[in-house]
Every structure is written in C-alpha cells, then in structure tokens.
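>
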Amino acid sequence: MSSEDTPVPPTTPGSPAADGSPTEPVPGSPAGPGSPFVPGSTGRDEAPQYVLPLVVHIEKTAPPARTDALRTAARAVLVMLSDERSAGEGVWARAMRDWQDARIRKVVRRARGAEWRKASALPGITVTGDHAEVRVFPPVPLDGWPKELAKLQVSGTDLDDPEPPAAPDLAGPVLWLNPELDMSAGKAMAQAGHGAQLAWWELSDTERKAWREAGFPLSVATAGPERWQELTTGGLPVVKDAGFTEIAPGSCTVVADHPALRHG
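Using my numbering, read the sequence shown as starting at 6 and increasing by one per residue.
Here it is as structure tokens:
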C-alpha cells in the first residue's frame, strides 16, 4: 500500500497544503473554525509528530475496488475529524490537537482475517463504502503505534478498478487526482484523505454540518491534463506531498473541489 505519507508546507503565500501552514489564508475563502490556515502558522516540524492510522480491509479473494477504497478512506478522515470524541473534552481531542499541531501525517496499512478482527477491536471508527471497509484510529505518536497496528503490512498489495468507475458527481465534492502521477492505492488513499481534510478545514460550521448530515458524499476521480491545470490555479485547496515515498517532493497530488469553495 503506502508507506509514511506527509504533505509539505506551501511555497506560495495562500497556497494551501495538507499540513495546513500557508503564510496567509486562502484569498476569497475564509478559514473555517479551527482551521490551521491562519497567519503566522509556524513550528510544525518542531512539534511532537503524530500519525493518523488508517487500515483497509483486504481479503485475498474479495479485495475492494480502488476508487471505492479511495472514497472510503477520505470519508473515514472526515468522520474522525467530525466525531464528538475528537472535539472539546472528548477522549480523542488531545491526540487530534497534537496531531494537527504538527505535520498532518497519515499512514495506510492493510489487514485481513484475524489481523482485521484484532484491529477492529481497538478504539476507532470503521467506515464502509460500496464494498470497501476502512478503519480510522485516533492519532498515535510517530514511534508509538499499538502492536496490533504496527505489525500490519504497509506495502505489497495494490488495488484496481475491475470496471471503469462511475463519472464523478460534479455538483458535489470531488477529490481530483493528478493525472501525471502513478501512486499505489495506499498512497492515493492517504492523499485523498489529505484532500478531504483540507476541504473540511476551509468550510464554515454550517457547511460542515450539512456535509456531515448528508453522510459525507464525495467523488474521487483523475482529472484530465487541461482540467488539472485549471484546478490547481483556481484557488481551491491543493495537497502537496513531502516526497518521502513514491513521488517527488512538492508534487501536487489532489485538489479538493467542494461546492462551497468554488469561486466565480
């Protein structure tokens, strides 16, 4: 799947990246409540580093389709961000704050059989798609994974779409993938999660509530080259990867295209 996945800070003022440290808010898109997109965000590399674990259920005989897994991973991140246990005095709130104060790291691992059952017994949330199952766990220290998760495989299995995925619903949120990058399923799942998180950070309370109550509908699709150029220059949140695995540092991987964030 994917090894450790971390975005990088933007190099252009106002250009959002998934570690949430632009030098100024995105023009025309006021930062939502709790958004790290505020002036003067610094020190993320110096803060204690945490990681958000995601585990995808992959049985040898019935693996999920790739696009289904990507959508489900993105929704899992949103479910964790919006869960009452992640806010205020919730049991996961401190870990969520510590995680978002540092680099926004996500790691996707795979599990089947007894491994999946053991992972499912740990505190977390299982999110289902059409057939995919992804369990998201509260953030853990970079070097402090629970043993049930630490032993799960990061690489060695990929996913594909047996049938062409349905066209994205352009009236709703779409996470657009860079057409020029070849990413493993796990890498792409983590990047889709980054994109969903960027959109969440930028929404108002009212917009977040509406998205949550609708069940976090979203599409994931690969943009055409011309469309990708428009998306990356249109003021929408763009994920830029740190380049620790698979792709070059600073690569733009995902654009978070939510209706509430579209301009013009």
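Beta carbons are placed, not taken as given, at the ideal position from N, Cα and C, and that holds for glycine.
#1: What whole-angstrom Cβ distance do LEU182 and ALA261 have, given they're in contact under 8 Å?
#2: Looking only at its own chain, which residues have a Cβ that is under 8 Å from the Cβ of GLU235, when we skip the five neighbours before and after it?
#3: Tell whether a beta-carbon distance below 9 Å holds between ALA137 and ALA70.
#4: What separation, rounded to the nearest whole angstrom, lies between the Cα atoms of LEU241 and ALA119?
#5: If you scan the stretch 155 to 228 from start to end, which runs of the alpha helix (DSSP H) of 4 or more residues do you find wholly inside it?
#6: Taking VAL82 as part of the beta strand (DSSP E), name the residues at either end of that continuous run.
#7: What is the rounded straight-line gap between the Cα of ALA67 and the Cα of ASP73?
#8: Would you please state the rounded distance, in angstroms, between the beta carbons of GLY191 and LEU223? I believe it to be under 8 Å.
#9: Please state whether DSSP places LEU266 in a helix, a strand or coil.
#10: Can you list, in chain order, the residues of its chain whose CB lies under 6 Å from that of VAL139, leaving out five sequence neighbours each side?
#11: When you compare only the Cα positions, how much space is there between LEU86 and PRO169?
#12: Give me the Cα-Cα distance between MET194 and VAL113, rounded to the nearest whole angstrom.
#13: Taking Cβ to Cβ, would you say GLN158 is nearer than 9 Å to ARG110?
#14: Taking Cβ to Cβ, would you say SER125 is nearer than 9 Å to ASP163?
#15: My assumption, with CB atoms under 8 Å, is that GLY239 sits in contact with HIS199. Please give the rounded CB distance.
#16: To the nearest whole angstrom, what separates the beta carbons of LEU83 and PHE221, a pair I think is in contact under 8 Å?
#17: If you run the structure through DSSP and keep just helix, strand and coil, what is VAL259?
#18: For VAL61, list the residues DSSP reports as bridge partners.
#19: Roughly how many angstroms separate the alpha carbons of ALA107 and ARG117, rounded to a whole number?
#20: Is VAL141 buried or exposed, if buried means 16 or more other CB atoms sit within 10 Å of its CB?
#21: Going by the CB atoms, is the gap between MET101 and PRO146 shorter than 9 Å?
#22: If you run the structure through DSSP and keep just helix, strand and coil, what is GLU153?
#23: What's the call for ALA253, buried or exposed, on a 16-neighbour Cβ count within 10 Å?
#24: Is LYS245 buried or exposed, if buried means 16 or more other CB atoms sit within 10 Å of its CB?
#25: SER209: buried (16+ other C-beta within 10 angstroms of its C-beta) or exposed?
#26: Between ALA226 and PRO173, how many whole angstroms is the CB-CB distance? I'm expecting something under 8 Å.
Looking at the atomic coordinates:
#1: In the sequence shown, counting from the first residue as 1, residue 182 sits at position 177. In the sequence shown, counting from the first residue as 1, residue 261 sits at position 256. About 11 Å; that fails the 8 Å criterion.
#2: Counting from 1 along the sequence shown, the entry for residue 235 is found at position 230. The answer is none, since no qualifying residue turns up.
#3: Within the sequence shown, residue 137 is the residue found at index 132, counting from 1. Within the sequence shown, residue 70 is the residue found at index 65, counting from 1. Their beta carbons are under 9 Å apart, which means ALA137 touches ALA70 by this criterion.
#4: Along the sequence shown, read from residue 1 onward, the residue named residue 241 stands at position 236. Along the sequence shown, read from residue 1 onward, the residue named residue 119 stands at position 114. The straight-line gap from Cα to Cα measures roughly 41 Å.
#5: 190 to 207, 210 to 218
#6: Residue 82 sits at position 77 when you count from the first residue of the sequence shown. That residue, VAL82, is in no beta strand (DSSP E); its alpha helix (DSSP H) goes 71 to 87.
#7: Looking up residue 67 in the sequence shown gives position 62. Looking up residue 73 in the sequence shown gives position 68. When rounded, the distance between both Cα atoms is 13 Å.
#8: For this step, residue 191 is matched to residue 186 along the sequence shown. For this step, residue 223 is matched to residue 218 along the sequence shown. Actually they do not touch by this definition, with Cβ atoms about 19 Å apart.
#9: The residue you call residue 266 lines up with position 261 of the sequence shown. Of the three classes helix, strand and coil, the one that applies to LEU266 here is helix, per DSSP.
#10: Numbered from its first residue, the sequence shown carries residue 139 at position 134. If the five residues before and after VAL139 are omitted, its C-beta is found closer than 6 Å to the C-beta atoms of LEU59, VAL61, THR77, ALA78, ALA81, VAL132, all from its own chain and listed in chain order.
#11: Here residue 86 corresponds to residue number 81 of the sequence shown, with the count starting at 1. Here residue 169 corresponds to residue number 164 of the sequence shown, with the count starting at 1. Approximately 30 Å between the Cα atoms of the pair.
#12: The count along the sequence shown starts at 1 and reaches residue 194 at position 189. The count along the sequence shown starts at 1 and reaches residue 113 at position 108. Rounded to the nearest angstrom, the two C-alpha atoms are 7 Å apart.
#13: To locate residue 158, count along the sequence shown from 1; it is residue 153. To locate residue 110, count along the sequence shown from 1; it is residue 105. Judged by beta-carbon spacing, ARG110 lies beyond the 9 Å limit of GLN158, meaning their Cβ atoms are not closer than that value.
#14: Residue mapping note: residue 125 aligns to position 120 of the sequence shown, counting from 1. Residue mapping note: residue 163 aligns to position 158 of the sequence shown, counting from 1. It is not a contact, given that the beta carbons lie outside the stated cut-off.
#15: In the sequence shown, counting from the first residue as 1, residue 239 sits at position 234. In the sequence shown, counting from the first residue as 1, residue 199 sits at position 194. The pair is not a contact, with the Cβ atoms about 18 Å apart (cut-off 8 Å).
#16: Working through the sequence shown from its first residue, we reach residue 83 at position 78. Working through the sequence shown from its first residue, we reach residue 221 at position 216. 5 Å between Cβ atoms; contact.
#17: Start at 1 with the first residue of the sequence shown, and residue 259 comes out as number 254. Strand.
#18: Counting from 1 along the sequence shown, the entry for residue 61 is found at position 56. Under DSSP, VAL61 takes part in a beta bridge, and its partners are ARG115, VAL139.
#19: As a first step, residue 107 is located in the sequence shown; it is residue number 102 there, counting from the start. As a first step, residue 117 is located in the sequence shown; it is residue number 112 there, counting from the start. Distance between the alpha carbons of ALA107 and ARG117: 31 Å.
#20: If you number the sequence shown from 1, residue 141 lands on position 136. With 16 or more Cβ atoms within 10 Å of its Cβ, VAL141 is classed as buried.
#21: For this step, residue 146 is matched to residue 141 along the sequence shown. For this step, residue 101 is matched to residue 96 along the sequence shown. No, the Cβ-Cβ distance between PRO146 and MET101 is not below 9 Å.
#22: Locating residue 153 in the sequence shown gives position 148, counting from the first residue. Residue state, collapsed to three classes: helix.
#23: Counting from 1 along the sequence shown, the entry for residue 253 is found at position 248. Flag for ALA253 reads exposed.
#24: Taking the first residue of the sequence shown as 1, we reach residue 245 at position 240. Buried.
#25: If you number the sequence shown from 1, residue 209 lands on position 204. SER209 is exposed by the Cβ-count criterion.
#26: Here residue 226 corresponds to residue number 221 of the sequence shown, with the count starting at 1. Here residue 173 corresponds to residue number 168 of the sequence shown, with the count starting at 1. The pair is a contact, with the Cβ atoms about 4 Å apart (cut-off 8 Å).
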